[in-house]
Amino acid sequence: GCNPLAETGRSKLQNQRAVLNQQILRAVRMRAGAENLLRATTNNKVREQVLLELSFVNSNLQILKEELEGLNISVEVYQNAEETFSIPLVPLGLKETKEVDFTLPLKDFILEHYSEDSSEYEDEIADLMDLRQACRTPSRDEAGTEMLISYFLQLGFIENRFFPPTRHMGVLFTWYDSFTGVPVCQQNLLLEKASILFNTGALYTQIGTRCNRQTQTGLENAVDAFQRAAGVLSYLKETFTHTPSYDMSPAMLNVLVKMMLAQAQECAFEQISLPGIRNEFFTLVKMTQEVAKVGEVYMMVNTAMTQEPVRENIPYSWSKLVQIKSDHYRALAHYFLATILCDHELQSNDDEDQQEKAFSQLYDYVPEGLMIRTILKDKVQRKQLGKAHLRKAIVYHEEALRVCGLCKKLRNIEVLQEVLTAAHKRSLLKYAQQETEDDFLSLIQAPDILPKTEHKVETVAPQFSKVKVKDFFHRLGPLSVFSAKQRWTAPRTIHFHCETGELGFSLKGGSPVQIYCLDPVCPAASVGLKEGDYIVSVGGVDCKWLGVSEVLEKLKSMGEQPIEFEVISCQDTTASMHSKSATYSVGMQKTYSLICLAMEENKTYQAKKAPLKLPFLSWGTKNRQKAASTLCLPSAVAGSSPVKKKLSPFTLLGTESSLY
Numbered sequence: 001g002c003n004p005l006a007e008t009g010r011s012k013l014q015n016q017r018a019v020l021n022q023q024i025l026r027a028v029r030m031r032a033g034a035e036n037l038l039r040a041t042t043n044n045k046v047r048e049q050v051l052l053e054l055s056f057v058n059s060n061l062q063i064l065k066e067e068l069e070g071l072n073i074s075v076e077v078y079q080n081a082e083e084t085f086s087i088p089l090v091p092l093g094l095k096e097t098k099e100v101d102f103t104l105p106l107k108d109f110i111l112e113h114y115s116e117d118s119s120e121y122e123d124e125i126a127d128l129m130d131l132r133q134a135c136r137t138p139s140r141d142e143a144g145t146e147m148l149i150s151y152f153l154q155l156g157f158i159e160n161r162f163f164p165p166t167r168h169m170g171v172l173f174t175w176y177d178s179f180t181g182v183p184v185c186q187q188n189l190l191l192e193k194a195s196i197l198f199n200t201g202a203l204y205t206q207i208g209t210r211c212n213r214q215t216q217t218g219l220e221n222a223v224d225a226f227q228r229a230a231g232v233l234s235y236l237k238e239t240f241t242h243t244p245s246y247d248m249s250p251a252m253l254n255v256l257v258k259m260m261l262a263q264a265q266e267c268a269f270e271q272i273s274l275p276g277i278r279n280e281f282f283t284l285v286k287m288t289q290e291v292a293k294v295g296e297v298y299m300m301v302n303t304a305m306t307q308e309p310v311r312e313n314i315p316y317s318w319s320k321l322v323q324i325k326s327d328h329y330r331a332l333a334h335y336f337l338a339t340i341l342c343d344h345e346l347q348s349n350d351d352e353d354q355q356e357k358a359f360s361q362l363y364d365y366v367p368e369g370l371m372i373r374t375i376l377k378d379k380v381q382r383k384q385l386g387k388a389h390l391r392k393a394i395v396y397h398e399e400a401l402r403v404c405g406l407c408k409k410l411r412n413i414e415v416l417q418e419v420l421t422a423a424h425k426r427s428l429l430k431y432a433q434q435e436t437e438d439d440f441l442s443l444i445q446a447p448d449i450l451p452k453t454e455h456k457v458e459t460v461a462p463q464f465s466k467v468k469v470k471d472f473f474h475r476l477g478p479l480s481v482f483s484a485k486q487r488w489t490a491p492r493t494i495h496f497h498c499e500t501g502e503l504g505f506s507l508k509g510g511s512p513v514q515i516y517c518l519d520p521v522c523p524a525a526s527v528g529l530k531e532g533d534y535i536v537s538v539g540g541v542d543c544k545w546l547g548v549s550e551v552l553e554k555l556k557s558m559g560e561q562p563i564e565f566e567v568i569s570c571q572d573t574t575a576s577m578h579s580k581s582a583t584y585s586v587g588m589q590k591t592y593s594l595i596c597l598a599m600e601e602n603k604t605y606q607a608k609k610a611p612l613k614l615p616f617l618s619w620g621t622k623n624r625q626k627a628a629s630t631l632c633l634p635s636a637v638a639g640s641s642p643v644k645k646k647l648s649p650f651t652l653l654g655t656e657s658s659l660y
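Under full-length UniProt numbering, the residue at position 364 of the sequence shown is numbered 364, and the numbers go up by one with no gaps.
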């Protein structure tokens, strides 16, 4: 990872994001406490004072969220340092997290579950924590994305080895929402995996915006980066369908995928127009449809951003920038088409059929009373239709400038203002050159242009197999056998003399080998060897990864000496109830962890203890049997009645995860 103390523009933004996240957390805590007090009190004077405090806290919270939105639109920090005359692209900021200490939970689990000396695995645990810490500040290049993917794959090993499905490990993961700054705290490792995937997609967007858009190679890399970002976010949406964070909700991810593909399409258009656009009939026809496609995809993104429930959390400046781009590129399409009509009259040596065929692909319909061939031949009709397209282009340009003026953040982006103003002036100049005295007779309305592209962009699925990762805890043994889902007895030492030269049992399987066809009267059976036992060491040498032939060779090498090896036996695994885990949730749908909290409230009600009050804060638990409860801030609801009906969490165990 990058040096977290480096004073780069990006690191400063991330540091500001971390500070804002903490301030938003404090404000939300204060609001939740005030709301609880408002529900509990009946004193009118206290209620008036609490309402006044609530109005202040809500105002402060709104200001903090606006500051966070300002960080999300600080696009100039992520752009390429070279001078460019292009509309900025929008990157995603990395999700912030708190440090996690795996040491005690993993060491305890190794000792308890695997019956091994946990002190021998301190280096592996330190490597895991170092990798996680490095993933908080990844470099903006291929090495950074590979590091994030390697940690994501490493989490798969960690989940299988240390996170049993029947209980929580007591490891608390805290991640902050990228758009709202609200933290989500869970003991579920899937939150960690989903957040790492989100940051991988976000890092690809930052790589894409950093590419030099003045070169073909830079634009190719930008298209590839945004396609990969869309692929990672799409994979996240399909794999983790019930994430408790707004920025990773399916609706939000759907919008982000569309926005990344739109930016990839924009870079693809810039790539084909980089050498210059020749003022030639067929070239302009192609460019008209290509730029119309860019306008169309941005229009679709803008429509998606204005839908519930994402419209409340999408940064205002993002939605306005997308609207500006949609208007700008549609205006360019009409300008190119007007140039075709005004500058390219049909000559005697031109192929009329080819021009008619190419021109007809631009329209879904032709204005009433006009025909394509007639338009191409008739100078007056060409000019009238061309001016109609110029008028429409000017309208779109003016709308883009108007929307840009409405957003303070966008007004401060100089290159955006310059691009929009230059395009508007060019259309006005073109229109002024076509003016004649009989303009008032022109009533033709320019039809919409059909978008079409020869450079279609698609999501590129993450290729996890290309990143080679070695399991940190490889020494524990093959994962197919030594996992958190299977319970084992402590290793037993089998010590016996092989007088007849026959072991009295056979071996089978891969790694580790398993006892097979055990003779019940053989010396090994008399000292405790059982059918189905796994051999984990021979003569004090670990053999979890050895095959049948290698283990037999070690046993035979002992000769006439007493044979000694260690075995383990599989225990029956009995499903137990999930531990309670409270999710930080502000106005969100009830998750499994909140149902568990409702069960706890029900027990309190039935025991007729003190009247039930919603807690302001619920911090970690005291022991391992009751897994850690995380920060819980109840949303503002009008009163809360005790739970009357007992809920059973066993109805939720059939799902992939209690929270996802």
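Cβ coordinates follow ideal geometry from the N, Cα and C atoms, glycine included.
Alpha carbon to alpha carbon, how far is residue j from residue i? Give it in angstroms, no decimals.
| i | j | result |
| --- | --- | --- |
| Val548 | Gly509 | 7 Å |
| His495 | Pro562 | 7 Å |
| Gln214 | Leu390 | 28 Å |
| Val57 | Gln154 | 41 Å |
| Gly93 | Ser178 | 7 Å |
| Leu401 | Ile277 | 24 Å |
| Phe163 | Leu274 | 52 Å |
| Cys211 | Asp141 | 10 Å |
| Asn44 | Leu51 | 10 Å |
| Leu385 | Tyr329 | 19 Å |
| His334 | Gln355 | 18 Å |
| Val100 | Asp127 | 13 Å |
| Phe157 | Tyr121 | 15 Å |
| Val255 | Tyr316 | 14 Å |
| Tyr114 | Ile568 | 10 Å |
| Pro512 | Lys193 | 30 Å |
| Ala525 | Asp471 | 35 Å |
| Glu66 | Cys407 | 12 Å |
| Cys570 | Phe482 | 10 Å |
| Gly231 | Glu458 | 8 Å |
| Gly539 | Pro491 | 13 Å |
| residue 661 | Leu420 | Here the chain has residues from 1 to 660 only, and residue 661 is not among them. |
Return the bridge partner residues of residue i from the DSSP annotation.
| i | result |
| --- | --- |
| Gln186 | Phe173 |
| Ile277 | None; Ile277 has no bridge partner. |
| Gln571 | Arg487 |
| Lys508 | Gln514 |
| Ser537 | Asp542 and Glu566 |
| Phe496 | Ile563 |
| Leu449 | Looking at the sequence shown, residue 449 is not Leu but Ile. For Ile449, which the question treats as bridged, DSSP gives the partners Tyr363. |
| Thr97 | Trp175 |
So the candidates are the options; which of them puts its Cα closest to the Cα of residue i?
| i | options | result |
| --- | --- | --- |
| Leu89 | Arg39, Arg140, Ile125 and Ala262 | Ala262 |
| Tyr365 | Ala446, Val50 and Tyr176 | Ala446 |
| Cys517 | Arg411, His455, His474 and Gly504 | Gly504 |
| Lys325 | Leu341, Met305 and Met299 | Met299 |
| Asn221 | Pro275, Thr209, His397 and Val257 | Thr209 |
| Thr103 | Val513, Gly170 and Val285 | Gly170 |
| Leu203 | Ala422, Gly218, Gln216 and Ala225 | Ala225 |
| Gly295 | Tyr316, Gln265, Phe282 and Lys320 | Gln265 |
| Ser234 | Ile110, Gly218, Ala251 and Tyr246 | Ala251 |
| Val301 | Ser427, Val285 and Asp327 | Asp327 |
| Lys452 | Leu284, Lys95 and Gly201 | Leu284 |
Using 10 angstroms around the beta-carbon of residue i, count the other beta-carbons present and answer buried if the total reaches 16, otherwise exposed.
| i | result |
| --- | --- |
| Ser576 | In this predicted model, Ser576 has a pLDDT of only 38, less than 50, meaning its place in the structure is not dependable enough to derive any value. |
| Ser618 | With a pLDDT of only 35 at Ser618, under the threshold of 50, the placement of this residue in the model should not be trusted, and no figure is reported. |
| Pro520 | exposed |
| Val19 | exposed |
| Thr180 | buried |
| Asp117 | exposed |
| Arg382 | buried |
| Asp123 | exposed |
| Val536 | buried |
| Thr42 | exposed |
Does any CB atom of chain C fall closer than 9 Å to the CB of residue i?
| i | result |
| --- | --- |
| Arg228 | Note that chain C does not occur in the displayed structure, where there is just one protein chain. |
Say whether the stretch 194-204 touches the stretch 138-150, bearing in mind that this needs 3 or more beta-carbon pairs closer than 8 Å, one atom from each stretch. yes
Should the stretch 535-546 be regarded as contacting the stretch 475-485, the criterion being three or more beta carbon pairs within less than 8 Å? yes
If we count Cβ pairs, one from each stretch, closer than 8 Å, do we get three or more for the stretch 371-379 versus the stretch 302-315? no
With three or more C-beta pairs closer than 8 Å as the rule, is the stretch 459-474 touching the stretch 525-534? Contact annotation: the stretch 525-534 does not touch the stretch 459-474, with fewer than three C-beta pairs closer than 8 Å.
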